[in-house]
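Accompanying notes for the structure given below.
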Amino acid sequence: MELMANVMAQEAASRTADREAQETKRGGEDELRLERFLNNKSPTFNGGYDPDGA
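This is how it looks when you write it as structure tokens:
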């Protein structure tokens, strides 16, 4: 009985560690995505309100 409890505890700890590793990996991917977006230097709006020029 005690052996089964230890095995179940180890499995739960392993699943938790795997889940945390996946979340960390996803977080790193999000940061890389943000860096690529910021480095893209996309055009920005520099004008003002001009309905006749539109």
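Going by the numbering used here, 48 is the number at position 48 of the sequence shown; the sequence numbering is gapless. Just so you know, even glycine gets a beta-carbon here, dropped at the ideal spot from N, CA and C. As the structure is a computational prediction, the values presented were derived from the model and not from experiment.
Span separating the alpha-carbon of residue i from that of residue j
| i | j | result |
| --- | --- | --- |
| G47 | K25 | 40 Å |
| E31 | F37 | 10 Å |
| R33 | E23 | 15 Å |
| R19 | E2 | 26 Å |
| V7 | A21 | 21 Å |
| N39 | Q10 | 44 Å |
| M4 | G28 | 36 Å |
Residue i (DSSP reduced to helix, strand or coil)
| i | result |
| --- | --- |
| M1 | coil |
| K41 | coil |
| G47 | coil |
| D30 | helix |
| D18 | helix |
Neighbourhood of residue i by C-beta, 7 Å cutoff - its chain only, sequence neighbours within 5 removed
| i | result |
| --- | --- |
| T16 | none |
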